[in-house]
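Asker: Residue numbers (full-length UniProt numbering), protein chains in the order written: chain U, 1 to 258; chain R, 1 to 304.
The beta carbon of each residue, even a glycine, is placed where N, CA and C say it ideally should be.
As the structure is a computational prediction, the values presented were derived from the model and not from experiment.
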Ligand SMILES: Cc1cc2nc3c(=O)[nH]c(=O)nc-3n(C[C@H](O)[C@H](O)[C@H](O)COP(=O)(O)OP(=O)(O)OC[C@H]3O[C@@H](n4cnc5c(N)ncnc54)[C@H](O)[C@@H]3O)c2cc1C
Ligand SMILES: Cc1cc2nc3c(=O)[nH]c(=O)nc-3n(C[C@H](O)[C@H](O)[C@H](O)COP(=O)(O)O)c2cc1C
Ligand code: FES
């Protein structure tokens, strides 16, 4: 069920340049079904910044009613969010959307988790759940530069982790595909979240593999009512737009035209 | 006595609050969050004769205290709405106002003829003011003669009262209001969105793929109030007002300006529970204002 709740800020810290990690506590944590689902945050009490901001759930702690989000303070709204402190309350709508299907990979199999920039956060909870189930996770995480790399140690603690930076200041120089070229294709499933050009490259490289991609689009309602966040499917038939917010954001590879 | 009840052509409303067209889909999403029978009515998303895919994305952008949208009337088409959307809404005790759109008069007439036969559709809202579609849409709403003729053509086939939705993107909204009244409109709904644009700070290019979009939200409220104030003193048919309503005080303002009921659009995106919240808060507000029935507030801005 979707809940609107005033969630309690448990902590907030800058974990890389302009990248913030925020822990939020509230009842809606119990409603979360899968990694990759997101929340819709109201960044201002006033109506100056009107629309909510979609942010993925990076980690779930159902025992303590707590979630972690990781976001980049880039525009007015996320910058304002980064000013909230422990003890403040944040108006959250969620959980929204359909997440990554953990059940699509069996214990003993290998999964590739490929993330780019601010698309990396939802892969963290995904990796925790897959690993807990006995799946071997290989992480390929791409960033612009060393100063915006985050959660390197957290991912390493879960499994093999390759860091790639565009300028080569951490790990391999290049894009996630630079690393993927040298990796074996002996894996069962891939899961990916990041900028569209990256998703496209990943999908093309693993065209014969079972994969799941998480998409982004500007949103109005976040719940499927306004048709702002549609994207086109590969079947170019009538009514071939589907909604990122309620049909996605995660779709099986090949469904969305990229 | 129900202090919030409103009687309008074709509509017996438990209260004057309804979600605005295009901001509530066909109800299914918000229906999972609360009981839709609480609402005064529901204005469903625009229905066109054939299914429409709408415009490319990005379709929305935020602006100071508002938003731009260029959805482009995406909808499953008349048959889809008749088969899959309206019957689902029958489980709720709430009148439906069907928003009718088209590219030419014949489209409007055909949609109106069929959709007005649905058992729960109790009024039509003619969308002659959508700024986001190339043909039709706005041209119907900016030319008085075309607006009048279209209204008359739809009135001739509709089984239920017809409300016409006015565009604020005109020089004199009163002129169009009088034209649709002459055409036989039973009521007016206003305002639709104001045309606007926003540029990306880095690239200088428009954010909305359609280049321009319709502005809605609190930023448009003063414009809506002014237009409703003028039109309600010009025509004899009732007005359902909208444009930037976010809370109970905004509702009071719209009624004072001359609206008999109101629709809440963009606010649903900010707070999905905004409609039931306003409905709950209205009686307290009436007490505060010292009025027994909500109808006493209508047009008090100009009544002596
Ligand atoms: C399903 C989903 C999950 C996301 N998860 C994360 C995450 O975990 N961490 C993170 O840092 N970012 C995430 N994003 C992107 C994030 O929503 C935007 O960066 C953020 O909304 C920008 O807001 P702002 O106030 O900083 O920017 P502004 O430019 O001030 O925002 C203005 C408007 O544009 C919208 N907007 C701007 N950029 C985007 C964008 N890239 N996607 C969608 N809407 C946008 C805003 O929501 C707002 O309505 C996600 C986006 C989606 C759709
Ligand atoms: C995303 C979006 C979609 C809309 N779609 C329609 C539509 O299909 N038909 C219509 O008549 N008006 C449509 N509108 C206009 C609203 O019904 C309303 O007139 C306008 O948004 C002003 O009210 P508000 O400021 O409360 O949103 C749409 C508005 C928005 C924001
Ligand atoms: S954001 Fe409204 S339908 Fe997806």
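Please report how far the alpha carbon of residue 41 (chain R) lies from the alpha carbon of residue 238 (chain R), in whole angstroms.
Answerer: Taking the straight line joining both Cα atoms gives about 16 Å.
Asker: With 16 as the cutoff for other CB atoms within 10 Å, does residue 53 (chain U) come out buried or exposed?
Answerer: That one is buried.
Asker: Report all residues from its chain with a CB closer than 6 Å to the CB of residue 67 (chain U); omit the five preceding and five following residues, and keep chain order.
Answerer: So the list reads 24, 29, 57, 60, once near-sequence residues are dropped.
Asker: Count the other CB atoms, across all protein chains shown, that sit within 10 Å of the CB of residue 122 (chain R); report buried if there are 16 or more and exposed otherwise.
Answerer: Buried.
Asker: Between the segment 70-82 of chain R and chain U, which residues of the former have a C-beta closer than 7 Å to a C-beta of the latter?
Answerer: Cβ contacts with chain U come from 71, 74, 76.
Asker: Examine ligand 1 and report whether any of its heavy atoms sits within less than 6 Å of the Cβ of residue 57 (chain R).
Answerer: Not so, every heavy atom of ligand 1 lies at least 6 Å from the Cβ.
Asker: Considering residue 28 (chain R), what are the terminal residues of the beta strand (DSSP E) in which it resides?
Answerer: Looking at the DSSP string, residue 28 (chain R) is not in any beta strand (DSSP E); the run it does join, the alpha helix (DSSP H), is 28-31.
Asker: Using alpha carbons as the reference points, say which of R:15, R:54, R:12 lies closest to residue 227 (chain U).
Answerer: Residue R:54 is the option with its Cα nearest to residue 227 (chain U).
Asker: Please find out if some non-hydrogen atom of ligand 2 comes closer than 6 Å to the beta-carbon of residue 242 (chain R).
Answerer: Yes, since a heavy atom of ligand 2 falls inside the 6 Å radius drawn around the Cβ of residue 242 (chain R).
Asker: Decide yes or no for the touch test of the segment 168-180 of chain R against the segment 21-31 of chain R: beta carbon pairs closer than 8 Å, at least 3 of them.
Answerer: Too few Cβ pairs lie closer than 8 Å, so no.
Asker: If you measure from each CB to the nearest heavy atom of ligand 1 and keep those under 5 Å, what residues do you get, in chain order?
Answerer: This selection yields U:38, U:51, U:53, U:54, U:55, U:56, U:71, U:72, U:74, U:75, U:76, U:77, U:78, U:118, U:121, U:216, U:218, U:249, R:62.
Asker: What does residue 67 (chain R) touch in chain U if you count any residue whose Cβ is under 8 Å from its own?
Answerer: Result: 50, 51, 220.
Asker: I need the boundaries of the beta strand (DSSP E) containing residue 107 (chain U), first residue and last residue.
Answerer: Residue 107 (chain U) -> no beta strand (DSSP E), and no H or E assigned at all.
Asker: Work out the CA separation of residue 34 (chain U) and residue 106 (chain U) for me, nearest whole Å.
Answerer: Going by the C-alpha atoms only, they are around 16 Å apart.
Asker: Three-state secondary structure (DSSP) at residue 275 (chain R)?
Answerer: Residue 275 (chain R): helix per DSSP, three-state reduction.
Asker: Can you tell me the Cα-Cα spacing of residue 230 (chain U) and residue 245 (chain U), whole angstroms?
Answerer: Cα to Cα, the separation comes out at about 8 Å.
Asker: What is the DSSP secondary structure of residue 36 (chain R), reduced to helix, strand or coil?
Answerer: Helix at residue 36 (chain R).
Asker: At least one CB of chain R closer than 7 Å to the CB of residue 227 (chain U): is that the case?
Answerer: Judged by the 7 Å Cβ criterion, residue 227 (chain U) is in contact with chain R.
Asker: Alpha helix (DSSP H) containing residue 76 (chain U): first to last residue?
Answerer: Start and end: 76-81.
Asker: Does residue 182 (chain R) come out as helix, strand or coil in the three-state DSSP assignment?
Answerer: Residue 182 (chain R) falls in the helix class under three-state DSSP.
Asker: When you check each C-beta in the segment 260-290 of chain R against every C-beta of chain U, which residues fall closer than 8 Å?
Answerer: Residues 266, 268, 269, 270, 271, 272, 273.
Asker: Kindly indicate if chain R contains any beta-carbon less than 7 Å away from that of residue 71 (chain U).
Answerer: No, its Cβ sits nowhere closer than 7 Å to a Cβ of chain R.
Asker: To test your reading of the DSSP string, which unbroken alpha helix (DSSP H) runs of 4 or more residues are found completely within the segment 117-165 of chain U?
Answerer: Listed in chain order, the complete alpha helix (DSSP H) runs (minimum 4 residues) inside the segment 117-165 of chain U are 121-132, 152-156.
Asker: To the nearest angstrom, how far is it from the Cα of residue 155 (chain U) to the Cα of residue 49 (chain R)?
Answerer: Approximately 52 Å between the Cα atoms of the pair.
Asker: Please report the residue range of the alpha helix (DSSP H) in which residue 232 (chain R) lies.
Answerer: Per DSSP, residue 232 (chain R) belongs to the alpha helix (DSSP H) from 221-232.
Asker: Measure from the alpha carbon of residue 56 (chain R) to the alpha carbon of each residue in U:217, U:13, U:132, then state which is nearest.
Answerer: Per the Cα distances, U:217.
Asker: Please indicate yes or no: does the CB of residue 99 (chain R) lie closer than 6 Å to some heavy atom of ligand 2?
Answerer: The answer is yes for residue 99 (chain R).
Asker: Can you grab the Cα-Cα spacing for the pair residue 160 (chain R) / residue 12 (chain U), in whole Å?
Answerer: Those two C-alpha atoms are separated by around 56 Å.
Asker: If you follow the beta strand (DSSP E) that residue 149 (chain R) is part of, which residue opens it and which one closes it?
Answerer: Note, residue 149 (chain R): premise wrong, no beta strand (DSSP E); alpha helix (DSSP H) at 144-157.
Asker: Could one say the Cβ of residue 59 (chain R) lies closer than 7 Å to chain U's Cβ atoms, at least one of them?
Answerer: Residue 59 (chain R) counts as touching chain U.
Asker: Rounded to the nearest angstrom, how far is the Cβ of residue 64 (chain R) from that of residue 11 (chain R), given a contact under 8 Å?
Answerer: Between residue 11 (chain R) and residue 64 (chain R) the Cβ distance is about 35 Å, and since that is not below 8 Å, they are no contact.
Asker: By how many angstroms is the C-alpha of residue 37 (chain R) removed from the C-alpha of residue 188 (chain R)?
Answerer: Taking the straight line from one Cα to the other gives about 24 Å.
Asker: Would you check if the distance between the CB atom of residue 93 (chain U) and the CB atom of residue 62 (chain R) is smaller than 7 Å?
Answerer: It is not a contact, given that the beta carbons lie outside the stated cut-off.
Asker: Roughly how many angstroms separate the alpha carbons of residue 18 (chain U) and residue 214 (chain R), rounded to a whole number?
Answerer: Whole-angstrom Cα-Cα distance: 33 Å.
Asker: Which residue wins for smallest C-alpha separation from residue 271 (chain R), given the options U:134, U:97, U:221?
Answerer: The shortest C-alpha separation from residue 271 (chain R) is found at U:221.
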